[in-house]
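Since the structure comes first, as structure tokens, the remarks are kept for the end.
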Amino acid sequence: MDAIPTLVDAPQVLALAAALGWASGFRLYAAVFLAGAAGWMGWIALPPGLQVLQHPAVLAASGFMLCVEFFADKIPYVDSVWDAAHTLVRIPAGAALAAGALGADGQAMAWIGALLGGGLAATSHATKMTARAAANTSPEPLSNWGLSLAEDGLVVFFLWLSATHPAIFTLVLAASVGVSLVLLVVLFRFLRKVLAGLRTFLTGHRLPREL
């Protein structure tokens, strides 16, 4: 299997920053571990601001948390609690990772990276939380397992694509953001209906139709 090419130009570094921001919203620890492991194995030359990710201590910590999240994310309701608790972690981390990727070119680029990474992380995190909340309205665990395994695969795919085909990654990312925004609207409306039905059941009174 060929090694991932070295990141040598601005489009590749920008794509990596965006991929880390996006992936951080649903699989932060996997994104950190995979990027660090790729740098440590010599598959890619990480930007200076991200080279700390390949430090053995950082790899050990991110690898441990990756394992914890892998199992926690596949347990119904536990996954939603885990996501809620990580709202204050994933978004700032996505901003920090993207800023680290672009920061070598100056303070302005670091801020651009932070805004890009934070915005992408917030979007993917909100979509993940909403999708998991919707899946948890069903008693069976298969939907949770399927969504979780899909997310595991997506983080690997996005990081690989950003490093090997940055132009294609840009198109895929744009499509993913568009799909996420549509899903947020659809799933939010679905959850409102579920909550309205639950309130009706608990109170024994039919709520107004607009709720």
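Under this note's numbering, think of the first position of the sequence shown as 2, with each following residue one higher.
Ideal Cβ placement from N, Cα and C applies to all residues, glycine included.
This one's a predicted model, so the numbers in the text were calculated from it and none came from an experiment.
Just to confirm, are residue i and residue j a CB contact at a threshold of 8 Å?
i           : j           : result
residue 27  : residue 60  : no
residue 31  : residue 67  : yes
residue 25  : residue 91  : yes
residue 173 : residue 155 : no
residue 105 : residue 48  : yes
residue 111 : residue 103 : yes
residue 136 : residue 148 : yes
residue 51  : residue 101 : yes
residue 77  : residue 145 : yes
Give the DSSP-derived three-state secondary structure of residue i in the structure shown.
i           : result
residue 152 : helix
residue 6   : Low confidence applies here, because residue 6 scores a pLDDT of 44, under 50, leaving its location unreliable and the question unanswered by this model.
residue 137 : coil
residue 107 : coil
residue 126 : helix
residue 142 : coil
residue 183 : helix
Could you name the residues of the same chain whose beta carbon sits closer than 6 Å to that of residue i, not counting the 5 residues immediately before and after it, in chain order?
i           : result
residue 96  : 115, 118, 119
residue 109 : none
residue 94  : 25, 29
residue 167 : 12, 13, 16
residue 160 : 20, 35
residue 2   : Residue confidence is low: residue 2 scores 38 on pLDDT, short of 50, so the model does not pin down where it sits. Its coordinate-derived value is still stated next. Same-chain partners within the cutoff: there are none.
residue 83  : 73
residue 63  : 30, 33, 34
residue 70  : 30
Between which residues of its own chain and residue i is the CB-CB distance below 8 Å, once the five residues before and five after are set aside?
i           : result
residue 88  : 126, 130
residue 152 : 27, 28, 74, 129
residue 80  : 73, 74, 133, 137, 145, 149
residue 184 : 128, 131, 132
residue 189 : 131
residue 175 : none
residue 8   : Low confidence applies here, because residue 8 scores a pLDDT of 49, under 50, leaving its location unreliable; read the following figure in that light. Around residue 8: 14, 17, 45, 46, 47, 48, 164.
Chain C beta carbons: is any one of them nearer than 8 Å to that of residue i?
i          : result
residue 68 : The structure shown contains no chain C; it holds only a single protein chain.
Take residue i as the anchor and find which of the options has the nearest alpha-carbon.
i           : options           : result
residue 40  : 17, 143, 139, 74  : 17
residue 44  : 51, 36, 50        : 36
residue 121 : 20, 139, 12, 111  : 20
residue 123 : 85, 150, 135, 111 : 85
residue 158 : 63, 177, 76, 186  : 177
residue 22  : 113, 180, 188     : 113
Going along the chain, which residues of its own chain have a beta-carbon closer than 7 Å to the beta-carbon of residue i, five neighbours each way excluded?
i          : result
residue 42 : none
Complete alpha helix (DSSP H) runs within the region 29-97 (minimum length 4 residues, chain order): 57-73, 79-86
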